[in-house]
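> Dumping the structure here so I can ask a few things about it.
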Ligand code: FUL
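Right, dumping it as structure tokens:
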């Protein structure tokens, strides 16, 4: 895998800066000896593709792990498990979509085939599918039901297709790549719009003892051809796995990172280490605290827009297990995860696995409802709305506190360290800051502080490094009328799309 995908990226790196190469992803080249200033300015102007913009703005998405493992009570299946086991008694994809939508999700990534190879749609290319199961007398199609439910509830649809297939007799041979592309084609043509294709890094032994050499460029080309708007996630060029399944992203999260071979290799090595733990922390570079900071860019040969996705399960396992009904994450824990994922320039992909009935369990529904209620209460009132700005903030400062993240405040061109001072009109108490950059134009801010005028002096209330699409910070409550955001360093003129100040309800304080 590593040499192939790296070759695709390298091709791009050696091409002209910013060129769209190989139909996969644009990579900005760095010339040997290029100055750090020039590199930083280039990095500041790397932009997301339209498909990456649409995906990032979803903020919160849901994963649905459901399949043979649900019925055999496993996390990773075995070869030869009979399709007879797959028999949900009350499968209702509308309940899944309704639950995800009510929790605020914008997209559902459905597991169509996990590592065991059992297909939740009646694939023409294998007998190991729902068609061989007793569910609906073999006439059912889970993917069709999910697609219809997503349309009904206004959710986008994504699909997880495991490259690793324990069941396939041709796994480990070239023929498997054709088979895999055939299955992809079925999923991408028979079910309407598809907005995300999720490949994990599994690369198990084939039946002939050989490892599969995946045709990644071929898979990507097919997806681009059939669903050009879909992002390809994790083992793909559009969306980066954050590097852990804990739900917690990095404090410093750059969406522009160097294109290196190691990074992609590590995904493959680390994403399959701990079956069912759901919380392992892989070692190595993917978990470094800062993947795209100055030190990283200095030695890079090129970089590209590769934003982070945080995947985590609401339960310890990815699949439903009855003995985990009491271990569903609490609303408070989910909110802490929200602050540490959506609030750290990542999209949250929260897994909610249906049970053997084919329903999302009551406990999970309850937790999601609680999470949504806390988030609603947190962000209901922006205490900075209507603030007046000190002169010197440049034009359009009010654009930072209006509700439209497409409008933004920017200081004079070239200013990279700048203050945005505001008067809230009356003294207010707050303990939460939300910042958004105009990420369509690139990610720029490297460090910032929030200060309040307290006792005749400016005092620090909170500080952070990167902002990107969105940054949320919680801090000890401060009471003040005058507030200033100090951008201490930026790769080019910062563009602030949103600034919000909030008062946290009790449920939003776990993990602070
Ligand atoms: C991992 C898989 O091994 C897990 O079972 C799960 O599907 C997770 C999202 O990705 O790589």
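In this note's numbering, the protein residues as written are 147 to 658. Virtual Cβ for every residue (Gly too), placed ideally from N, Cα, C.
For residue 506, name the three-state secondary structure that DSSP assigns.
Residue 506: coil per DSSP, three-state reduction.
> Closest by CA to residue 275, which one among 556, 337, 281, 266?
Checked all of 556, 337, 281, 266; the closest Cα to residue 275 is 266.
> What number of angstroms, rounded off, separates the C-alpha of residue 573 from the C-alpha of residue 566?
Near 18 Å, if we compare the C-alpha coordinates of residue 566 and residue 573.
> Apply the 10 Å Cβ neighbour rule to residue 428 and answer buried if 16 or more other Cβ atoms are within range, or exposed otherwise.
Only weak support is given to the placement of residue 428: the predicted model assigns it a pLDDT of 31, under 50, and the value that follows is read from those uncertain coordinates. It counts as buried.
> Would you check if there are 3 or more beta carbon pairs closer than 8 Å linking the stretch 268 to 284 to the stretch 336 to 344?
Cβ pair count under 8 Å is below three, so no.
> Note the first and the last residue of the continuous alpha helix (DSSP H) segment covering residue 609.
Careful: residue 609 lies outside any alpha helix (DSSP H), inside the beta strand (DSSP E) at 603 to 610.
> Can you give the beta carbon distance from residue 456 to residue 480, rounded, assuming they're within the 8 Å contact cut?
That belief does not hold up - the Cβ atoms of residue 456 and residue 480 are roughly 12 Å apart, past 8 Å.
> How big is the Cα-Cα spacing for residue 262 and residue 217?
Spanning the two alpha carbons is a distance of roughly 13 Å.
> Tell whether a beta-carbon distance below 8 Å holds between residue 287 and residue 504.
Not closer than 8 Å, so no.
> For the pair the stretch 180 to 195 and the stretch 575 to 590, tell me if three or more CB-CB distances fall below 8 Å.
Yes, the stretch 180 to 195 touches the stretch 575 to 590.
> What does DSSP give as the partner residues of residue 482 in its beta bridges?
Residue 482 pairs with nothing; no bridge assigned.
> To which residues does DSSP link residue 493 through a beta bridge?
According to DSSP, which records beta bridges pairwise, residue 493 is partnered with 455.
> Which stretch, first to last residue, makes up the alpha helix (DSSP H) that contains residue 255?
It is not in any alpha helix (DSSP H) - residue 255 instead sits in the beta strand (DSSP E) that spans 253 to 259.
> Figure out for me which residue from 628, 282, 208 has the closest Cα to the Cα of residue 104.
No information on residue 104 is available, as it lies outside the stretch 147 to 658 that the chain covers here.
> Considering only their Cβ atoms, is the gap separating residue 333 from residue 377 smaller than 8 Å?
Their beta carbons are not under 8 Å apart, which means residue 377 does not touch residue 333 by this criterion.
> Can you name, in chain order, every residue of its own chain whose Cβ lies under 8 Å from the Cβ of residue 571, other than the five neighbours on each side?
Here the set comprises 532, 533, 534, 627.
> Please name the residue in 369, 651, 300, 500 whose C-alpha comes closest to that of residue 236.
The candidate whose alpha carbon is nearest that of residue 236 is 500.
> From the DSSP secondary-structure annotation, give me the bridge partner or partners of residue 303.
Residue 303 pairs with 254.
> Any idea which residues DSSP pairs residue 574 with across the strands?
Partner(s): 626.
> Quick check on the burial criterion: 16 or more other C-beta atoms within 10 angstroms. Buried or exposed for residue 648?
It is buried - the Cβ of residue 648 has at least 16 other Cβ atoms within 10 Å.
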